[in-house]
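Undergrad:
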């Protein structure tokens, strides 16, 4: 699925790399980063409320091209800069994790 396909559905705002054509396969939601590292898959969209550099590190480790921050969580400037350096898209959404998953899978 492409990022552009979910933006309207989740009321998403891209905060970093502007590649709306980026592609992801499946969604992994989690806030315990060690658990995400053990269970998420390459190319998953990473859905979380964790807004720190470790979130970017996990996304890089697993080749996850997109991070969606739920509940209007705002990334730090440091997180935005690192995501841009790594070409990872960060999207902010007002919806909670469950609603975001539901909206993505309705597409």
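In the numbering used here, the protein residues as written are 6 to 112.
Just so it is clear, CB atoms sit at the ideal spot from N, CA and C, and this is done for glycine as well.
Which residues in the same chain have their Cβ closer than 7 Å to the Cβ of residue 47, if we skip the five residues on either side of it in sequence?
TA: 67, 68
Undergrad: Between 35, 63, 40, which lies nearest to residue 54 when the distance is taken from Cα to Cα?
TA: 35
Undergrad: Which residue from 72, 15, 40 puts its Cα closest to that of residue 28?
TA: 72
Undergrad: Cα separation between residue 51 and residue 108?
TA: 15 Å
Undergrad: Please go through the same chain and pick out, in chain order, the residues whose beta-carbon is closer than 6 Å to the beta-carbon of residue 64, but skip the five residues on each side of it.
TA: The beta carbon of residue 64 sits closer than 6 Å to those of 51, 72, 93, all from its chain and outside the five residues before and after it, given in chain order.
Undergrad: Whole angstroms is fine: what's the gap from residue 80's alpha carbon to residue 12's?
TA: Whole-angstrom Cα-Cα distance: 18 Å.
Undergrad: Please report the distance separating the alpha-carbon of residue 19 from that of residue 96.
TA: 4 Å
Undergrad: Per DSSP, which residues does residue 51 bridge with? Please list them.
TA: 33, 72
Undergrad: DSSP on residue 100, reduced to helix/strand/coil?
TA: Reduced to three states, the DSSP call for residue 100 is coil.
Undergrad: In three-state terms, what does DSSP make of residue 11?
TA: helix
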